[in-house]
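Read the structure below first, then the notes.
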Amino acid sequence: MDNPVAPPAKRRLLKLAAALAGALLVLALALPPLAKYIIGPERLREMAQKALTDALGRDTVLSGEVTITLTPWLGLSMGPVAVAQAPGFGDGPMFAARKVEMTIRMAPLLAKVISPGSVRARDVTVHLARAADGRTNWDDLAAPQDAQAGSGWTVVPQPRAVHLDNVAVRYDDAATGKTLAVTGARLRTGLGQPFDFAASFEAMGLVPDGQLQCHLQGRASFDPGSGRLGLHGVRVETGLLIDAPLVPGGAVPTRVVSRLTLDYDAAAAALTLSDIDARADGARITGTAGVSDLPGAPRLAGKLTLDADLLGGWRAILGLAKPGGPESLVAATEQPQPPATSPAEPPASALTAPLPNRLTADLTLAGDKDGLHLTDLTARLPRGTVHGAARLVPGDRPALSGQIKAQDVDFDALSLGGGGGWPVPGPWIFGLDLDAQVVCSRCVFGGLTLDEAAATLRGAPGLVRLGPATAVLPSGQVASLDARLSPTGGPDGGPGYDIQAALEPLGLTTRFSGRLDATGAAGSWTLASPDAAAAAKTLGLGSLPAGPVSAKGQLTLLAEPSGKWQLSGLEAKAGGLILRGQIGPAPGGGPGLGFDLAVDHLDLDRLSALAGTAGQSGQSGPAASLPRAKGKLRLEQVSGRGLDLRNAVLDLSLGEKGITAAVDTAEAWGGRLSGSLERHASGRLTGALQLAGAEAGKMLPKSGLSGPIAAKLGLEAAGGPKGRLGAVSAAVEAESPRLALGRAGSRQTLAAPKITLTFKGLDGAEGIEGEANATLAAASFDAGPDGPNLRDLRTTLAGPLALDREGRLREVFQGKFEASALARLSGGGESRLTLAGPVAADSGGSFSLGDLALGFAGASATARVWRKGGEPAPMQFSLETGTFSPRQVLPALGFSLPAETPATLLAKASLAVAGAVEEKAVVVSKLAASFDETRLTGQGSFERFDPARGKWELTVDRLDLDAYAPHKPAAGPPPLAERRKKIDFKGLREAALDLKLHFGWLKKGNVTFDAGTASFNAKNGLFTFRQESPRFYAGRLFVEVRGDVRDTALKTAIELKLEGIEIARFLRDWAEGDTLASGACTFVVAARTSGATEEELRGNLTGTGHLQITRGEIKVRDPDKLVDGKPQEERLPFEMFSSSWNAKGGVAHSDDFRIESPRMLVAGRGECDLRHETIDLSLMATLPSSSQVPATIIGPLDGPKVTIDRSRIIGDVVYRVLQGFFSIPGRAVTRILNLPGR
């Protein structure tokens, strides 16, 4: 059978299947419009809106039409759609789209499998945000949803035909203040597995003020089972444009373009970046990189190559090029450039730099979960190479360590400083642990080639320390640096730091403490050296005084383009010199330096050592190496070399035209100094200075001169070859109406003195060479009534003079000195005084005058003055005269001779003196004088050129002072008016004398002293006089007087001892007494007194005294019996005459007056009033017959009245004996009482 007929049951089954299929088709096609017709569009939109709201947990608003499709996919199309923002994140929607379409495959639904299909969205806006407390607006959406237990549904995504157009995402992070915006994002994917895709977007905020464009194209595969996405041959191209400077002062805009190929093997969890090519202006990075073991324990490995032009635009971008320079992108003017609107690729010619300005570097990178490791860095510079390695360990406290070794690198040629500021480290350096070592060999820093240098950079969060950094300088010295940085923030939000640094080069230690940022540095600066001389020698600054040097101030350094600097509050100390003020650029912005400096005290004697290298540079011109500088130098005091300058203000200018120093104001020696000095560029030197109203006492403080002085200086010298001076002409004139000389209590005057110094130099001399001439003229010299008076004074000094460039004698000066004057004699006549002789001096300080021939008043002498070289060497002198007549010379010198001096005396004399003039004293090493038959020798020293203030030791062989001034017999006590006259103690008060006199034989006051020694010491108002003689009238003499005249009155103590002297001869010479014929005497006095007059000294006398004469004879004369016209003399022997006295208030009391002789025994008591020189004694004379005769002695000491009852004695023997005995102490006591006043 060709067409068999189906059974009825089977035919019914086929009809039913066909009907069901048709029904399903009709249902699939008719259900969406039927549902829309039955439910209604509004109800459908409400159902979809509620379903989305329930699923998302957010209010969802569907403001447009909602469409449903069932074949071949279950699809949903809606829009516009808006999903509400999370609570606390504002009122706007979190998600919004103009149109969203989604499909789900129908067939898998029968197996409870949800398989999404295509997704299409247009004009999508997403707003993501994070609050300051860390909450995000997507936390609730990302949380896992509780699925219905046992539902059995499975989601199997199979992305296909994904089209996203015009997607914008904005992310605001309140915790960090950052904002990220992605705009214009597009994504297209193809169908099947693997599928092609393409994407692009623009982003703002990934880099501050930066705009990023990114394009991706390639193939991708998705494994539904594992949910992994693989990428294959994805080409990534980016362009980055930054409209703000990367560093302060950097060029804008910054453009960086890159391209690379990206592969991701999802099964191997490996990401590969190949064909990396990133370019900026003048720089290029190429290489490969890969990341394995993603995502759990990623491991990085890469090799990159840097190729850069050292003069490329990238230097301007990093602020390493000066403004206006040929390699700078920053205009010299400070007008900002408009930002670029789109990234542009740098020209290809800038990507490969030709030698010699090419930098290439190879980098090998490795990284894992423990950190990033730069295993090798090899950089090749135009000069030298750099090798290094580094490691970065991330974490809450990241750590960075590394080592760098540079060889033969010229860092000065790299020009790492530019117009935008200094390349200070960013804040990131203070957020990690840092440990880096740098070693340099044969590298150049700051113009110095360092054989070896090493530095260590260590840091912890908040602090970075550079040090110790050491370098071996070309001189072989070692310099070290230690610096500490801590972040504080810089201007305009840039990096800024507190810095403390210490640099120790060449024996110096300099420290800086302040702030550092890209605009510069400012803070306090100090410098110190324990040995300035050693440091100066190493630096080649010449000789400095040994000792410490220190300086401090406020230092400000500004980065380019300003480049200005200032050192203010400067205080420098060296060798006793203190310098204060400020130094900086020249005012007005011109080239050179400006300064305003002040010196408290400038000692020229110590400053002379600073000129050790002046003029030794070998320059052909004097101003060849002068810096440009202008400012004021204030000198509060300048001393040394006879100069006394105060409150001086100098206007100094240095530059191409030379040096000019103008005296703005100055006080010199009490007067006013004005004028200027100028050294021209040609070498010509001119100057004119004027001095008015100066005081001679200040100009020559040790001379004793006083009076006003005016002076002027004129100087002119032509410039010569090799910095030498040409013909020099100089003149100094000084004059005064009157000068006074006060010394040792005397006063002399010099009328109308005038000094002229002239010099004529030779052309082209090495230094100064020519003829010098000095003259002094004065109308008169008046030494007062007791001194010489001169008129018509004339002195000249002339000779060839040769000085080197430092002002020192280059050759020995040999000149001629002449002086003359008319000396007026006391008799009214005049005598010519002359002095002439050679003068010599050398550069070592040695000089000599002599033999100088001195002539005066018929006497001649030869004088010499000289000094050996060396600063401590004193000036020495000698004077020797021939035999001359004192009777001629002394009156000319103002000394009048006593009228009673015999004509045979002062007939001949000679003098020889030698000594030295030291800084504070004159030392006389030899003194030999003779006059008549007396010889005087000795030595001594005295201060202030005053012989009364010194120490002397003299020896006299034989001197009879009474012969030159005959002794006058005592005329009784002085009158009362004279005793009440105030005694002048000024000489004793001011005396500072230590005198010791040895004499072989001396006669004074009719008393002779054999082989005696006398000494006198006075200082500060205290004095002591002591005299001893072991052969004084066959006995011993000791006298000591100690006194104190510091107050208005004299306080003195007297001790007198006469032991075993021949009293008869002594009294005859001393007191003109002729009562005793013989006897041995001991006389001891110890007394104290005080007073301002002789009367007070007598009235305040207290002390003790004892007189004892033994085995003597007294002369008893009978005026009634004459022999040859003279009273008959009888000598009566006695065993002892003694008396002890106690004095108080000027009255001496005695209770043991006693005379023992064969004729009588006398005993008694009484008192002696020393104030009025009277005596009152009561005596009892016991005769051999045992009869007693009372007697009284009352009256003046030099002539007391003896009262006796003559009726009880035979003859006048007792009367004459008593009268004779009491004439002895009377005259003696009168002489003693005259001693203190004298």
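Counting from 2, one number per residue, gives the positions in the sequence shown under the numbering used here.
For every residue, glycine included, the Cβ atom is placed at its ideal position computed from N, Cα and C.
Exercise. Less than 8 Å between the CB atoms is what I'm expecting for Ala822 and Asp793, so what's the real figure, rounded?
Key: 6 Å
Practice problem: Give me the Cα-Cα distance between Pro623 and Ile710, rounded to the nearest whole angstrom. | Solution: Confidence at Pro623 is low in this model, with a pLDDT of 41, below 50, so its placement is unreliable and no value can be given for it.
Quiz item: When burial is assigned at 16 or more other CB atoms within 10 Å of the CB, is Pro549 buried or exposed?
Solution: exposed
Practice problem: Using 10 angstroms around the beta-carbon of Pro94, count the other beta-carbons present and answer buried if the total reaches 16, otherwise exposed. | Solution: buried
Quiz item: So what does DSSP say about Met1137, is it helix, strand or coil?
Solution: strand
Quiz item: When the Cα atoms are used, what is the spatial distance from Leu301 to Thr376?
Solution: 12 Å
Self-check item: Alpha carbon of Ala662 to alpha carbon of Pro531, nearest angstrom
Solution: Cα to Cα, Ala662 sits roughly 33 Å from Pro531.
Practice problem: Would you list the one or two residues that DSSP bridges to Ser569? | Solution: Gln555
Practice problem: Could you check what DSSP says for Arg959 in three-state terms: helix, strand or coil? | Solution: strand
Practice problem: Could you give the DSSP three-state label for Pro340: helix, strand or coil? | Solution: Because the pLDDT at Pro340 is just 39, under 50, the model does not fix this residue reliably, and the value given afterwards should be weighed accordingly. Judged by DSSP in its simplified three-state form, Pro340 adopts coil rather than helix or strand.
Quiz prompt | Whether Glu1131 touches Ser1079 by CB criterion (9 Å) | solution = no
Quiz item: Taking the alpha-carbon positions, what's the Ile756 to Lys713 distance?
Solution: 11 Å
Quiz prompt | Residue ranges of each alpha helix (DSSP H) within the stretch 1128–1199, 4 or longer | solution = none
Practice problem: Give me the Cα-Cα distance between Asp483 and Leu464, rounded to the nearest whole angstrom. | Solution: 13 Å
Quiz item: If you draw a straight line from the C-alpha of Ser879 to the C-alpha of Pro839, how long is it?
Solution: 15 Å
Exercise. Could you have a look at Pro42 and say whether DSSP puts it in helix, strand or coil?
Key: helix
Quiz item: Taking 8 Å as the cut-off, does the CB of Ile1115 come closer than this to any heavy atom belonging to the ligand MG?
Solution: Absence of the ligand MG is noted for the structure shown, with no ligands found whatsoever.
Exercise. Report all residues from its chain with a CB closer than 6 Å to the CB of Gly656; omit the five preceding and five following residues, and keep chain order.
Key: Closer than 6 Å at Cβ, skipping near neighbours: Arg629.
Self-check item: Alpha carbon of Gly1200 to alpha carbon of Ala992, nearest angstrom
Solution: 40 Å
Quiz item: Between the Cα of Pro383 and the Cα atoms of Ala390, Ala407, Ala391, Lys370, which residue gives the shortest distance?
Solution: Ala407
Practice problem: Could you say if the stretch 1134–1146 and the stretch 1006–1015 meet the contact criterion of at least three C-beta pairs nearer than 8 Å? | Solution: no
Quiz prompt | Whole-Å CB distance - Ala199 paired with Leu181, under 8 Å assumed | solution = About 23 Å separates the two Cβ atoms, so there is no contact after all.
Exercise. Measure the beta-carbon distance from Asp363 to Thr306 and round it to whole angstroms, keeping in mind my assumption that it falls under 8 Å.
Key: Right, their Cβ atoms sit about 6 Å apart.
Quiz item: Under a Cβ-count criterion, where at least 16 other Cβ atoms within 10 Å of its own Cβ denotes burial, should Gln749 be classed as buried or exposed?
Solution: buried
Quiz item: What is the residue span of the alpha helix (DSSP H) that Glu1096 lies within?
Solution: Residues 1095–1100.
Exercise. Could you name the residues of the same chain whose beta carbon sits closer than 6 Å to that of Asn648, not counting the 5 residues immediately before and after it, in chain order?
Key: Glu668
Self-check item: Closest by C-alpha distance to Gly845, when choosing among Arg865, Arg809, Leu393
Solution: Arg809
Quiz item: When we look at the beta-carbon of Pro348 and count the other beta-carbons within 10 Å, is it buried (16 or more) or exposed?
Solution: With a pLDDT of only 44 at Pro348, under the threshold of 50, the placement of this residue in the model should not be trusted; the figure read from the coordinates follows. Flag for Pro348 reads exposed.
Quiz item: Do Val387 and Ala414 have their CB atoms nearer than 9 Å?
Solution: no
Quiz item: How many Å lie between Ser730 and Pro801 at the Cα?
Solution: 14 Å
Exercise. Since I believe Arg1112 is in contact with Ala1081 (beta carbons under 8 Å), could you give me their beta-carbon distance rounded to a whole number of angstroms?
Key: 6 Å
Self-check item: Contiguous beta strand (DSSP E) assignments of at least 3 residues, all confined to the stretch 879–936
Solution: 910–918, 922–932
Practice problem: Within the same chain, show all residues whose beta-carbon is closer than 6 Å to that of Gly1092, passing over the 5 residues directly before and after it, in chain order. | Solution: Ala1050, Leu1098, Asn1101
Quiz item: What's the call for Gln212, buried or exposed, on a 16-neighbour Cβ count within 10 Å?
Solution: buried
Quiz item: Short check: CB of Arg116 to CB of His164, under 9 Å?
Solution: The question names Arg, but residue 116 in the sequence shown is Ser. No, Cβ-Cβ distance for Ser116 and His164 is not below 9 Å.
Quiz item: Whose C-beta lies closer than 6 Å to the C-beta of Arg457 among residues of the same chain, with five residues either side of it excluded?
Solution: The displayed chain sequence assigns Thr, not Arg, to residue 457. Taking C-beta separations shorter than 6 Å and ignoring five residues to either side along the sequence, the partners of Thr457 in its chain run Gln438, following chain order.
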